[in-house]
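Working notes, structure below.
In the UniProt record's numbering, the protein residues as written are 1 to 105.
What follows is the structure, given as structure tokens:
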């Protein structure tokens, strides 16, 4: 879960620093830029770890736990990327927390 979050932040940072244009050369340059490249690696490793999680836990338990990454992403986006939190986002966060709570009850 942490690697997926790190991967998302690296991808976001990389895309903010790139000049991605709708052509193959720009896409290749962006994909192999350090932030994007290591973002994909972090995300890929998290996918491999996810396979081990699925081996040990029921999908109905493991998958809802992933929704907690949304909460961490929003919090870190506000802190590090200075993204705004709207009232609708706050309601969404509350609903995610309640949903996970009831799923694990």
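Just so it is clear, CB atoms sit at the ideal spot from N, CA and C, and this is done for glycine as well.
Every value quoted in this text rests on a predicted model; they were computed, and no experiment measured them.
1) Following the continuous alpha helix (DSSP H) through residue 64, name the residue where it begins and the one where it ends.
2) Quick check: residue 26 and residue 14, are their CB atoms within less than 7 Å of each other?
3) Excluding the 5 residues flanking residue 78 on each side, which residues of the same chain have their C-beta closer than 7 Å to its C-beta?
4) Just to confirm the assignment, what range does the alpha helix (DSSP H) spanning residue 87 have?
5) Can the beta-carbon of residue 1 be found less than 7 Å from the beta-carbon of residue 61?
6) Please report the residue range of the alpha helix (DSSP H) in which residue 21 lies.
7) Any contact of the stretch 41-54 with the stretch 3-19, i.e. 3+ C-beta pairs under 8 Å?
8) Please report how far the alpha carbon of residue 91 lies from the alpha carbon of residue 64, in whole angstroms.
So, to answer that:
1) 59-66
2) no
3) 85
4) 87-104
5) no
6) Careful: residue 21 lies outside any alpha helix (DSSP H) and carries neither H nor E.
7) yes
8) 18 Å
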